[in-house]
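Enquirer:
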Amino acid sequence: MADQQVIGKVGRVTGTIAPEQVGEVMISIRGGSEAFNAYAADTQDTISTGTRVVVIEYFPPRTVVVSPM
Amino acid sequence: MDPLILAGGVVVGLVVLFAIFKLMWRVAEPNEALVISGLREHSSPEGAGESMGFRIVTGKGTLVLPGIQTVRRLSLDLREAPLSIECVTHQGIPLGIQGVVIFKVGDDYVSIANAARRFLDQQQQMDARVHNVFAGHLRAIVGNMTVEEMIRDREKLTSLTRQSSGSEMEKLGLIVDSLQVQEIHDPTGYIRNLALPHAAAVAREARIAQAHADREATTAEQGADALKAEARRESMIKQAGYQAEIDKASAESQQAGPLADASARQHVVVEETKVAELEAQREEQRLQASIRKPADAKAYESVTLAKASRDARIAGAEAERQEVELHAKASAERVRLEAVAEAERVRVDAIARSESTRLIGEAEAAATAARGRAEGEAVQARGMAEAEAIKARADALAENQDAVIGQQLAEKWPAIVEAAAKPFGSVDQMIILNGAQGLSEALAAALSQGVAGLQLARNLLAGGGNGAKAEPGDRDALQAPGAAPRDRTS
């Protein structure tokens, strides 16, 4: 049950990620799905709701950096 | 040793062992985490590297040494913290907001560790803590939103919630599932006023729609009424038609009796008329027999008698006429004989008288013949003399034509000029172009006809060769123009 497993997972944006604004992604983890605060890897990027993203960085406990697929 | 006691001992021993194991074995429910601290719990079981100083167990059982290690249970259940704050929106409108924050302890070890360190003994006060934290955050959130956004834009509310509370809740090891605004008190009536235009528009639309529907319904009703009236009218027309037919039939049926009576009476009258006619015929025949035939017989008698008397008279008259005729013939014969005798006498007398007259006439005729012969000789002698004169003039003409013709023309010149000027005499007003010269030209043209006549006569004489034969034509040509002026002057 390593939390590092979050990296590489594919999630879905449930709250728009905008520059300098924290968004939300839902990621399947630990047999369920959990919401994580999310930033875009490119800080000027805007990722709208519903976009599929991949987690590229994890800041415990509940913050991830994602990139659109 | 009694085997029964031995068996009892074993069972007791097993029971004791199970009791001891039960005391030492702890199981984490799905909605809780076991926080174990004490002996040998120095490092994270997942090999995080750094020591947490305690051990976290979720979803499974673990052996705990009673007295050496302590086990606490941290609930991972969903919690909610009611919020009730007074705040001011982005537009400066004061609002009273009643809401609820739904949160839980995070499922990862980091969150559980953070939460365990903060709330393990204060799990019941967790809601109050969260309320205090979120009261401040909610004021910030509402201050960044307008009333309209708060009512309508759920996405922005959750986004702002994440922004303002995310990192702070991470510190507490909590996850905010949602922030729900349950009720908004609006002391200034802003929301109600906000709704008023829309409500008025909706009310207007509703009234319009109702009016439309009412109008359509009325139209449909009126149309239906009109159709009903039309149907009623047609029905009444048909009823009236049928009633008319019924009336007609009943009238006819009512008239049938009188009609039959009349018909019967008509038959009676017809029969009576026939009877009367027959009676009249009988009477006529009776009268014929009783009056006319006797009258006819009497008339015939009278006629016959009259004819007989007339024939008698005619016969008498005829006899008388024959008598008169014979008498007349006799007298006529006598007159004729007398006339014949007279005629014979006259004829003899006339013959005698004619003979004497003939003798006198013969004598006179002889005398007249002698006198006629003497006159004839005298005339012959004079004709011979004239012929001689003509012949002499013809000879002269043959020798010198121009002299003769010139003399003739000189004699007739006034008449020729008058004849040439005659066409101008019948003109009321004549315009002569070219002045006096034109007039003289016109006259010269007219007079040249005379010269042409002279030339014609000369040609005739030259071509003919016989001067005596040409002379009468020449004389006619010269004298013809002169005839008209003589007629005019006379």
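Protein chains in written order, with the numbering used here: chain A, 1 to 69; chain B, 1001 to 1490.
Idealized CB from N, CA, C, for every residue including glycine.
#1: From residue 1012 of chain B to residue 1019 of chain B, what does the alpha carbon distance come to, in whole angstroms?
#2: Report the partner residues of residue 37 of chain A according to the DSSP bridge assignment.
#3: Under a three-way DSSP split, which group does residue 1010 of chain B fall into?
#4: Helix, strand or coil, according to DSSP, for residue 1512 of chain B in the structure here?
#5: So what's residue 1015 of chain B in DSSP terms, helix, strand or just coil?
#6: Assuming residue 1228 of chain B is part of the beta strand (DSSP E), what are its boundary residues?
#7: Does residue 1020 of chain B come out as helix, strand or coil in the three-state DSSP assignment?
#8: Does the beta-carbon distance from residue 1028 of chain B to residue 1059 of chain B come in below 7 Å?
#9: Under the DSSP definition of a beta bridge, which residues are partnered with residue 58 of chain A?
#10: Please list the partners that residue 24 of chain A has in chain B, where partner means a Cβ-to-Cβ separation under 7 Å.
#11: Would you list the residues sitting across from residue 1104 of chain B in a DSSP beta bridge?
#12: Let's test the definition: count the other Cβ atoms within 10 Å of the Cβ of residue 1114 of chain B and tell me whether it reaches 16, buried, or not, exposed.
#13: Measure the alpha-carbon distance for residue 1104 of chain B versus residue 1021 of chain B and round it to whole angstroms.
#14: The region 1142-1160 of chain B: which residues have C-beta closer than 9 Å to a C-beta of chain A, in chain order?
#15: Does any residue of chain B have a CB that is nearer than 7 Å to the CB of residue 62 of chain A?
#16: Counting only C-beta atoms, is residue 1108 of chain B closer than 7 Å to chain A at any point?
#17: Taking DSSP's pairing of strands, which residues face residue 1097 of chain B in a bridge?
#18: Using only the alpha-carbon positions, how far apart do residue 56 of chain A and residue 5 of chain A sit?
#19: Taking only beta-carbon atoms, is residue 50 of chain A less than 7 Å away from chain B?
#20: Tell me, to the nearest whole angstrom, how far the beta carbon of residue 20 of chain A is from that of residue 38 of chain A; I am working on the premise that it is less than 8 Å.
#21: Let's test the definition: count the other Cβ atoms within 10 Å of the Cβ of residue 1064 of chain B and tell me whether it reaches 16, buried, or not, exposed.
#22: Hey, is residue 8 of chain A's beta-carbon within less than 7 Å of any beta-carbon in chain B?
#23: Please list the partners that residue 1205 of chain B has in chain A, where partner means a Cβ-to-Cβ separation under 9 Å.
#24: Hey, does residue 1170 of chain B have any beta-carbon neighbour from chain A nearer than 7 Å?
#25: On the CB-based measure, 16 or more other CB atoms within 10 Å of its CB, does residue 1406 of chain B come out buried or exposed?
#26: Here's the rule I'm using: 16 or more other beta-carbon atoms within 10 Å means buried, otherwise exposed. How should residue 1440 of chain B be labelled?
#27: Could you have a look at residue 1029 of chain B and say whether DSSP puts it in helix, strand or coil?
#28: List the whole-angstrom C-beta distance separating residue 1127 of chain B from residue 30 of chain A, where the pair is believed to meet the contact cut-off of C-beta under 8 Å.
#29: Name, in chain order, the residues that DSSP records as bridge partners for residue 1066 of chain B.
#30: Grab me the residues of residue 58 of chain A's own chain with a C-beta within less than 6 Å of its C-beta, minus the 5 sequence neighbours each way, in chain order.
#31: Going straight from the alpha carbon of residue 1189 of chain B to that of residue 1207 of chain B, what length do you get?
#32: To the nearest angstrom, how far is the alpha carbon of residue 1244 of chain B from that of residue 1252 of chain B?
#33: How close, in whole Å, do the beta carbons of residue 1038 of chain B and residue 1062 of chain B come, if the pair is a contact with beta carbons under 8 Å?
#34: Using the three-state DSSP reduction, which class does residue 1075 of chain B fall into: helix, strand or coil?
#35: Please state the DSSP three-state secondary structure of residue 1499 of chain B.
#36: Whose C-alpha, out of B:1035, B:1004, B:1014 and B:1066, is nearest the C-alpha of residue 1023 of chain B?
Expert: Short version:
#1: 10 Å
#2: A:24 and A:63
#3: When DSSP states are grouped into helix, strand and coil, residue 1010 of chain B belongs to the helix group.
#4: Because chain B here runs from 1001 to 1490, residue 1512 of chain B falls outside it and cannot be looked at.
#5: helix
#6: Residue 1228 of chain B -> not in any beta strand (DSSP E); alpha helix (DSSP H) instead, spanning 1190-1287.
#7: helix
#8: yes
#9: A:64
#10: Using a Cβ-Cβ cut-off of 7 Å, residue 24 of chain A is close to 1162 of chain B, given in chain order.
#11: B:1175
#12: So residue 1114 of chain B ends up on the buried side.
#13: 32 Å
#14: Listed by position along the chain: 1155, 1158 and 1159.
#15: Residue 62 of chain A counts as touching chain B.
#16: yes
#17: Bridge partners of residue 1097 of chain B: B:1085 and B:1184.
#18: 11 Å
#19: no
#20: Between residue 20 of chain A and residue 38 of chain A the beta-carbon gap is near 13 Å, outside 8 Å, which marks them as no contact.
#21: So residue 1064 of chain B counts as buried.
#22: no
#23: In chain order: nothing, as chain A lies at least about 33 Å away.
#24: Yes, residue 1170 of chain B counts as interfacial toward chain A.
#25: exposed
#26: exposed
#27: coil
#28: Incorrect: roughly 25 Å between the Cβ atoms, too far for contact.
#29: The beta-bridge partner set that DSSP reports for residue 1066 of chain B consists of B:1069.
#30: 6, 7 and 64
#31: 25 Å
#32: 12 Å
#33: Rounded, the Cβ-Cβ distance is 12 Å, inconsistent with contact.
#34: strand
#35: Here chain B has residues from 1001 to 1490 only, and residue 1499 of chain B is not among them.
#36: B:1066
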